[in-house]
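Everything on this sheet refers to the single structure shown next.
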Amino acid sequence: MSRKNPFANLDLSSIGSTGPAAKSCYGMTGAAKTVVRSIEEMAENTKRLMDGETIVEIEPQLLDVFSPPTGFRTRCRTSCPARGNQGSGQTSPILVRPNPRNSERYMVVFGHRRARVAMNLGVKVKAVVKKLDDVASAIAQGQENSARSNLSFIERAYFAQNLLSSGMTKETVKSAIGIDDALLSKMLSVIETIPSTMTMALGASKKIGRDKWLSLRQLILNPAYLNIALEK
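Residue 1 is where the sequence shown starts when you use the UniProt record's numbering, and the numbers rise one by one after that.
Structure representation (structure tokens):
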């Protein structure tokens with residue numbers, strides 16, 4: 001007797017969809033809309049960090065670039081900006097802070113793609129130097145990611161996990177991503193339950209929000225269903 005496919009009604013094909021993202025990657029309402037608005041406000045606050053500051057040029061070899069990854073990358077994210085910089089030069093500065101372990105080096109706070117482009121091209125990078133602690137730096141990085149990429153639920157979940165793995169507290173992570181305790185808990189439960197091979201295969205899933213990922217997580221908790229999923 002053949003087994004019934006537990007994933008028949010889950011529409012896994014749509015989870016891996018690479019089509020255009022909806023306005024809200026979560027498809028949420030109410031309190032979630034407040035979260036989205038807060039992300040936009042935080043992005044504006046991040047830009048203000050550089051208002052009125054002196055722009056300097058820094059040799060690319062003096063930069064330490066660390067950006068907790070979301071787990072998903074596209075090939076164009078590094079190659080396309082490089083072509084643009086070659087033609088018109090760097091149009092806006094990056095934000096860096098002095099490296100607390102080496103006074104002659106700088107840690108990139110945001111503008112990671114521009115920093116990598118400068119490193120690849122071997123040219124000086126325009127930057128604003130500002131003294132920030134680890135918490136402020138992590139929050140600025142989270143704001144940059146949210147404002148730049150309209151990250152999906154699973155991308156933000158991976159970003160949160162990587163921030164925690166780097167030693168940040170949950171309070172810092174929540175501030176960096178603009179979420180509350182309940183949503184952080186759900187994000188981590190999805191990451192910890194669904195095998196990374198599955199999430200990587202499904203991709204960034206820009207059109208898929210929290211509820212479908214939680215439904216998939218619930219199915220994966222059953223070992224029999226997990227084995228079926230891994231066979232697909």
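Glycine is no exception: its CB is placed at the ideal position from the N, C-alpha and C atoms.
* Asked: Who pairs with residue 233 in a beta bridge, going by DSSP?
  -> Nothing can be reported for residue 233: it is not among the residues displayed for the chain, which extend from 1 to 232.
* Look at I154 and V190 and say whether their C-beta atoms are less than 9 Å apart. => A Cβ-Cβ contact shorter than 9 Å links I154 with V190.
* **Continuous beta strand (DSSP E) stretch holding S103: start and end** => Run containing S103: N102 to F110, per the beta strand (DSSP E) assignment.
* Quick one: what does DSSP say I139 is sitting in, helix, strand or coil? -> Helix.
* To do: Starting from I177, trace the alpha helix (DSSP H) both ways and give me its first and last residue.
  => Residue range K170 to I177 is occupied by the alpha helix (DSSP H) that includes I177.
* Asked: Any C-beta of chain D sitting closer than 9 Å to the C-beta of A182?
  -> Of the protein chains in the structure, only one exists, and it is not chain D.
* Compare the Cα-Cα distances from M107 to each of K130, S92, T91 and G122 and report the closest residue. => Ranking the options by Cα distance to M107, first place goes to K130.
* Per-residue DSSP class, three states only, for N222 -> Correct three-state label for N222: coil.
* Can you have a look at I55 and say buried or exposed, based on whether 16 or more other CB atoms are within 10 angstroms of its CB? => Under a 10 Å Cβ-count criterion, I55 is classified as exposed, with fewer than 16 other Cβ atoms of the shown protein chains found around its own Cβ.
* To do: Kindly indicate which residue of S205, E192 and I228 has the alpha-carbon position closest to the one of R217.
  => Measuring from the Cα of R217, the nearest candidate turns out to be E192.
* Secondary structure of N150, DSSP reduced to three states -> Three-state result, N150: coil.
* Do you know how far the Cα of N102 is from the Cα of G209? -> In this structure, the alpha-carbon of G209 lies about 42 Å from that of N102.
* Asked: Does DSSP put V65 in a helix, in a strand, or in coil?
  -> V65 falls in the coil class under three-state DSSP.
* Closer than 8 Å by C-beta to K174: which residues in its own chain qualify, once you throw out the five before and the five after it? Chain order, please. => Setting aside the 5 residues that flank it on each side, K174 is surrounded in the same chain by D180, D181 and L184, each with a C-beta closer than 8 Å to its C-beta; the list follows chain order.
* Relative to the alpha-carbon of L132, which residue among A224, P100 and N227 has its alpha-carbon at the smallest distance? -> Closest in alpha carbon position to L132, among A224, P100 and N227, is P100.
* To do: Pick helix, strand or coil for L214, following the three-state DSSP scheme.
  => Under the three-state reduction of DSSP, L214 is assigned to helix.
* Asked: In whole angstroms, what separates the C-alpha of G167 from that of A115?
  -> Their Cα atoms are separated by approximately 24 Å.
* **Element boundaries [alpha helix (DSSP H), containing I191]** => Per DSSP, I191 belongs to the alpha helix (DSSP H) from D181 to T193.
* State the beta-bridge partners of N99 as determined by DSSP. => The beta-bridge partner set that DSSP reports for N99 consists of N102.
* Starting from the C-beta of V109, find all residues in its chain whose C-beta is less than 7 Å away, skip the five residues before and the five after it, and write them out in chain order. => Same-chain partners within the cutoff: L95, V96, R97, L132, S137, A140 and Q141.
* Asked: Would L214 pass as a contact of K186 if the rule is Cβ separation under 9 Å?
  -> Cβ distance < 9 Å, so L214 and K186 count as in contact.
* Check each candidate in L226, D134 and Q90 and name the one with the smallest Cα separation from E171. => E171 has its Cα closest to that of D134, out of L226, D134 and Q90.
* Asked: Which whole-angstrom value describes the C-beta separation of A176 and L163, a residue pair presumed to lie in contact below a C-beta threshold of 8 Å?
  -> Under the criterion of beta carbons closer than 8 Å, A176 and L163 qualify as touching, at roughly 6 Å.
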